[in-house]
Amino acid sequence: MCGIFGFTTENAKNAGEVLIDGLSSLEYRGYDSAGIFTPESGAVKAVGPASHLKRKMPAGFFGRSGIAHLRWATHGEPTEENAHPHTDCEGEVWLVHNGIVENFKELKTKLAAAGHTFASQTDTEIIAHLVEEHLKTEPDFAKAAIAAINEIRGTYGIAMQYRADPSKIVVARMGSPVVIGIGEHERFVASDPSPILRHTRDVVYLEDGEVAILTPESHEIYKLHGAPVERAAERIEWDAAAAQRGGYEHFMLKEIMEEADAVRNTSLGRLIEKEGMVKLGGLESVEEKLKQVKRIILVACGTASYAALAGEYMIEEHARIPVEVDIASEFRYRTPVINDDTAVVAVSQSGETLDTLEAIREGKRRGALTLGIVNAVGSTIARETDAGVYLHAGPEISVASTKAYVSQLTALALFTLFLGRQRGVSIEEGRVIAEALKALPERIEEIYKRTKDIQRIAKKYADARDFLFIGRKYNLATAFEGALKLKETSYVHAEGCGAGEMKHGHLAMIDEHFPTVAIAPSDSVYEKTASNIQEIRTRKGPVIAIATDGNEEIKELANDVMYIPKTIDMLTPILAVVPLHLFAYYFARQKGINVDRPRNLAKSVTVE
Ligand code: F6R
Numbered sequence: 292m293c294g295i296f297g298f299t300t301e302n303a304k305n306a307g308e309v310l311i312d313g314l315s316s317l318e319y320r321g322y323d324s325a326g327i328f329t330p331e332s333g334a335v336k337a338v339g340p341a342s343h344l345k346r347k348m349p350a351g352f353f354g355r356s357g358i359a360h361l362r363w364a365t366h367g368e369p370t371e372e373n374a375h376p377h378t379d380c381e382g383e384v385w386l387v388h389n390g391i392v393e394n395f396k397e398l399k400t401k402l403a404a405a406g407h408t409f410a411s412q413t414d415t416e417i418i419a420h421l422v423e424e425h426l427k428t429e430p431d432f433a434k435a436a437i438a439a440i441n442e443i444r445g446t447y448g449i450a451m452q453y454r455a456d457p458s459k460i461v462v463a464r465m466g467s468p469v470v471i472g473i474g475e476h477e478r479f480v481a482s483d484p485s486p487i488l489r490h491t492r493d494v495v496y497l498e499d500g501e502v503a504i505l506t507p508e509s510h511e512i513y514k515l516h517g518a519p520v521e522r523a524a525e526r527i528e529w530d531a532a533a534a535q536r537g538g539y540e541h542f543m544l545k546e547i548m549e550e551a552d553a554v555r556n557t558s559l560g561r562l563i564e565k566e567g568m569v570k571l572g573g574l575e576s577v578e579e580k581l582k583q584v585k586r587i588i589l590v591a592c593g594t595a596s597y598a599a600l601a602g603e604y605m606i607e608e609h610a611r612i613p614v615e616v617d618i619a620s621e622f623r624y625r626t627p628v629i630n631d632d633t634a635v636v637a638v639s640q641s642g643e644t645l646d647t648l649e650a651i652r653e654g655k656r657r658g659a660l661t662l663g664i665v666n667a668v669g670s671t672i673a674r675e676t677d678a679g680v681y682l683h684a685g686p687e688i689s690v691a692s693t694k695a696y697v698s699q700l701t702a703l704a705l706f707t708l709f710l711g712r713q714r715g716v717s718i719e720e721g722r723v724i725a726e727a728l729k730a731l732p733e734r735i736e737e738i739y740k741r742t743k744d745i746q747r748i749a750k751k752y753a754d755a756r757d758f759l760f761i762g763r764k765y766n767l768a769t770a771f772e773g774a775l776k777l778k779e780t781s782y783v784h785a786e787g788c789g790a791g792e793m794k795h796g797h798l799a800m801i802d803e804h805f806p807t808v809a810i811a812p813s814d815s816v817y818e819k820t821a822s823n824i825q826e827i828r829t830r831k832g833p834v835i836a837i838a839t840d841g842n843e844e845i846k847e848l849a850n851d852v853m854y855i856p857k858t859i860d861m862l863t864p865i866l867a868v869v870p871l872h873l874f875a876y877y878f879a880r881q882k883g884i885n886v887d888r889p890r891n892l893a894k895s896v897t898v899e
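Structure, rendered in structure tokens:
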């Protein structure tokens, strides 16, 4: 996830100030590097957030139009060369991009053969060269730009300029948000309305597969293939701070509502459904080594360690490699047995958690292959591991991790398929997993439609001071994660426990005031979990069940049910956790807690 911003105006403006100002309200979308361009004053880029760029800005950075970008790195390290805006060979075409060009390798090869040279490792730069190529036969900038956009596959929110036509900005959208602001004799473009609201409240949202040509007086919208689109402007009534959260009251809720996209982006360009395969570019360099690995240790902390637990079950069941999960802070000090046929894999959103980092260093010292399943590109864990898989979930701001968790589970499922196909998983089995992964984002969107029910259930249990969460097999992890999310956002007592383990102690706590959340999808262990629910009801404990659509019987067993759509067993934790994240959010909100900043906690734990 990156942030883009741009403007074109008839009014005198200090372009540098307007662009930096715009970026500062998009900072939640990325902060690896920032850059701006105006046809009159050129480009400035800096590593780090918009404030670093501001310090580098020369005085008098003027212009009546310009584009700007905040980067959340996907392809290429967060360096100045890789920072946007990117340009063509002659420095004539400039653009900013939020998304991933999936076919960038084939386009790059074609462009290189035509004589283009590249200044960065990014997928984005390809687009500028493609436009340059089209300008050789099509002198109209907008037409050349649209022809180039038609050649790229993947996701994008793009804003593009041409020095020879400085008042024009060509924008395009496919999977990454783009909103156009309509002012008097001026037009704006951004990834969300927050930077536009300082200038105008009238906006038009671009839809997937649409392009727009902006000048100070007009914004023409077209379908990618050329048909014109008529769309009336909408008036935004929110304030700028709410706009930064996309209109949501908290980042936590916004990020839960981004879980479908996070899962989509983790799989994007990696699934080859027909062949029942995945393509994980980050593991190419260690592919042969991975074939020799005899044991995997997943190291992580907190929520990431629960994703790792589900990952252990996925890999063992499907790829048949022995896996263990180690809490990173334990691993460091318990003298584990590691040798050169062990892979130590760190799972981390931030890529900076000190214990996880030290666990990786420990693994390396003992000769293991080290891998990172990490969200933050260029983070220390990403840099220090031998290879890895990026999550591409976009920046996570809320302290309580939500969308990174579903992305971690998705990346571990991809990793499972990758390892499995190396070790005898058939094309058919691979296809079933790949197709189920592909369908997940839409299944999550189904769950969003049921938010009101979840909110109602959270309200019903508002007075409870204790909760037990139970789950089995793949959803033991979901039980731990559901309990942790409730604890950290609501400060109530919540415990996660294996449903079968409950009888060995936890059951003693149960009475009519102690509700249990039972994760009971229709999977291979459903019957067992259903009888555990029965045991709780016999002790008068109220039960909220997470169950699969179509399971009517569970309504007789549980007091309340949150339904999830069907998927294959190993992917059920990705769906089952969504209602639990929403439940934790709405439960905490009733208490008036600022869920984005739970007391005593920090987003990234860089101390022991
Ligand atoms: C809980 C939470 C934490 C993190 C843990 C690891 O909601 O966010 O438990 O999961 O601190 O952080 P990363 O994934 O950045 O290593």
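Each number in our numbering corresponds to the 1-based position in the sequence shown with 291 added.
All residues carry an ideal CB built from backbone N, CA and C; glycine is no exception.
Same chain only: Cβ atoms within 7 angstroms of residue i, ignoring 5 sequence neighbours per side
i: Glu-779; result: Ala-691, Pro-889 and Leu-892
i: His-797; result: Leu-759, Glu-786 and Cys-788
i: Asp-456; result: Phe-432
i: Leu-361; result: Cys-293, Gly-294, Leu-314, Leu-317, Glu-318, Arg-320, Gly-321, Tyr-322, Ala-325 and Ala-341
i: Arg-276; result: As shown, the chain starts at 292 and ends at 899. That puts residue 276 outside it, with no answer to give.
Pair within 8 angstroms by beta-carbon distance, residue i and residue j
i: Val-665; j: Ala-678; result: no
i: Gly-658; j: Asp-617; result: no
i: Glu-511; j: Ala-503; result: yes
i: Asn-823; j: Ile-761; result: yes
i: Pro-376; j: Ala-334; result: yes
i: Ile-855; j: Ile-724; result: no
i: Leu-700; j: Ser-558; result: no
i: Arg-444; j: Thr-299; result: no
i: Ala-879; j: Val-886; result: yes
i: Glu-772; j: Leu-871; result: yes
i: Leu-344; j: Ile-358; result: no
i: Gly-560; j: Glu-397; result: no
i: Ala-553; j: Gly-685; result: yes
i: Asn-302; j: Phe-353; result: no
Same chain, Cβ closer than 8 angstroms to residue i, neighbours up to 5 away in sequence not counted
i: Asp-499; result: Arg-464, Met-465 and Gly-466
i: Ser-576; result: Asp-677 and Ala-678
i: Gly-382; result: Arg-454
i: Gly-721; result: Glu-566, Gly-567, Met-568, Leu-708, Gly-711 and Arg-712
Collapsed DSSP secondary structure at residue i in the structure displayed
i: Lys-401; result: helix
i: Ser-356; result: strand
i: Arg-478; result: strand
i: Tyr-453; result: strand
i: Ser-342; result: helix
i: Pro-519; result: strand
i: Lys-427; result: coil
i: Val-392; result: strand
i: Ile-845; result: helix
i: Ile-512; result: strand
i: Thr-707; result: helix
i: Thr-370; result: coil
i: Thr-557; result: helix
i: Thr-415; result: coil
i: Ile-547; result: helix
i: Lys-819; result: helix
i: Asp-312; result: helix
i: Pro-870; result: helix
i: Phe-542; result: helix
Which residues DSSP lists as bridging residue i, in chain order
i: Arg-526; result: Asp-493
i: Lys-336; result: Gly-326
i: Arg-464; result: Gly-448 and Glu-501
i: Phe-760; result: Gly-787 and Val-808
i: Arg-362; result: Ser-324
i: Ala-836; result: Ala-809 and Val-852
i: Ile-473; result: Arg-478
i: Phe-296; result: Ala-359 and Ala-481
i: Leu-386; result: His-377 and Met-451
i: Thr-506; result: Ser-509
Cut-off 6 angstroms between Cβ atoms - residues of its own chain near residue i, not counting five sequence neighbours on either side
i: Tyr-496; result: Val-470
i: Trp-529; result: Gly-538
i: Leu-505; result: Thr-299, Ile-460 and Arg-478
i: Glu-826; result: none
Test: residue i CB closer than 8 angstroms to a CB of chain D
i: Arg-880; result: Structure shown: chain D not included; a single protein chain is present.
Inset, instruction - Can you check the stretch 561-618 for any beta strand (DSSP E) of at least 3 residues that lies completely inside it and give the ranges in chain order? - result: For the stretch 561-618, whole beta strand (DSSP E) runs of length 3 or above, ordered along the chain, are 586-591 and 614-618.
Legend entry - Within the stretch 621-699, ranges of the alpha helix (DSSP H) (whole runs, at least 4 residues): Residue ranges of uninterrupted alpha helix (DSSP H) with 4 or more members, entirely inside the stretch 621-699 and ordered along the chain, are 645-656 and 671-675.
Inset, instruction - Could you pull out every unbroken beta strand (DSSP E) segment of at least 3 residues lying fully inside the stretch 730-777, listed in chain order? - result: Correct list: 757-762.
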